[in-house]
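For what it's worth, the working numbering labels the leading residue of the sequence shown as 7, then goes sequentially.
One structure is given here, and the rest of the page talks about it.
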Amino acid sequence: MESRKIIVFITASSEEEAEKIARNLVKKRLSACCNIVPGLRSIYRWKGKICDDKEVLIIIKTMQNVFKKLIEEVRKIHSYTVPEIISFKIEDGFKEYLDWIEKEVKTQVNPRKIMGRTALIVVDMLNDFVNEKGALYCGKSSREIIPFIVEEIKRVRKIKGLIIFLQDNHNKNDPEFRMFPEHCVAGTWGAQIIDEIEVKPEDIIIPKKRYSGFYGTELDKILKENNITDVKIVGVCTSICVMDTVGDLRNRDYPVTVFKKGVADFDPEAHKFSLKRMQKIYGAKII
């Protein structure tokens, strides 16, 4: 059987992280059959797009002309798109060999981070909270963050990120109305996203009945299915639904960025305290 060289290109958020993965692979003797190259980003361009932010990209090279069959096998294993110019030959037993390599790599890498994607979660930018006629209007500060949120949505769409709208959505007899005036009742104007924010068909709207975007929803499933590895947060109110959602994101080990220019609260002191708490206790990035 002809000799084969297997090259494992490792990319990560930093060169140090890539080297750490490489060292772990070497410990598992993967280096006996591979050249391991850590610290690479933007390995190739395809159709004008830089393919980066992947933690592991495996390219298998043979000593002869390559064929397309193996590409199909690679695509089954990895979620990233493989350039058409790369194709490979598969022979008896070679798929098992590829499966073994894949198993070795997955022991070192969180599968959720392969082909990582950014999500922007827009919390409760609804008429009852942000419109001056709303039942629980959060005040002038909630209006002031609208331009920033609109621009951030555009930016995330430009990088093919996922836009998720959390939508407070209650029944008429919701127990929460014992604490707060009736608001965001399902099907009413108050529960609708404000007119200033454009919602596109590819965006995801998640109705919720409690403060956290995770409680009783499929948010966790949606983040996993979309390979989300980086989450950014905007919306209202900082001290309630924003902070509770950030806490649950951090409990699931998602990196979280909260934009100070993109969150607001009816209580300025609670707003300041919540930003500090999310940073100091939850480990969220506040910028």
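Every residue, glycine too, gets a C-beta built ideally from N, C-alpha and C.
Rounded Cβ spacing between residue i and residue j (contact assumed at less than 8 angstroms)
| i | j | result |
| --- | --- | --- |
| residue 261 | residue 237 | 7 angstroms |
| residue 133 | residue 228 | Rounded, the Cβ-Cβ distance is 24 angstroms, inconsistent with contact. |
Residue environment, residue i, which counts as buried when at least 16 other CB atoms sit within 10 Å
| i | result |
| --- | --- |
| residue 217 | buried |
| residue 80 | Unreliable positioning characterises residue 80 in this predicted model, as indicated by a pLDDT of 41, which lies under 50. A coordinate reading is not provided. |
| residue 239 | buried |
| residue 3 | Residue 3 lies beyond the range of the chain shown here (7 to 293); nothing can be said about it. |
| residue 222 | exposed |
| residue 127 | buried |
| residue 241 | buried |
Alpha-carbon spacing of residue i relative to residue j, whole angstroms
| i | j | result |
| --- | --- | --- |
| residue 210 | residue 286 | 30 angstroms |
| residue 282 | residue 146 | 22 angstroms |
| residue 178 | residue 258 | 32 angstroms |
| residue 278 | residue 184 | 27 angstroms |
| residue 142 | residue 136 | 8 angstroms |
| residue 247 | residue 131 | 11 angstroms |
| residue 203 | residue 187 | 25 angstroms |
| residue 180 | residue 194 | 15 angstroms |
| residue 155 | residue 263 | 14 angstroms |
| residue 172 | residue 275 | 24 angstroms |
| residue 255 | residue 230 | 12 angstroms |
| residue 249 | residue 176 | 20 angstroms |
| residue 289 | residue 206 | 31 angstroms |
| residue 273 | residue 149 | 14 angstroms |
| residue 243 | residue 153 | 17 angstroms |
| residue 157 | residue 182 | 32 angstroms |
| residue 291 | residue 208 | 27 angstroms |
| residue 253 | residue 284 | 7 angstroms |
| residue 34 | residue 280 | Because residue 34 sits at a pLDDT of 45, beneath the cut-off of 50, its placement in the model cannot be relied upon, and the point is left open. |
CB contact flag (residue i, residue j, <9 angstroms)
| i | j | result |
| --- | --- | --- |
| residue 197 | residue 167 | no |
| residue 129 | residue 235 | no |
| residue 163 | residue 233 | no |
| residue 151 | residue 159 | no |
Cβ contact check for the stretch 262-276 and the stretch 218-227: 3 or more pairs under 8 angstroms: no
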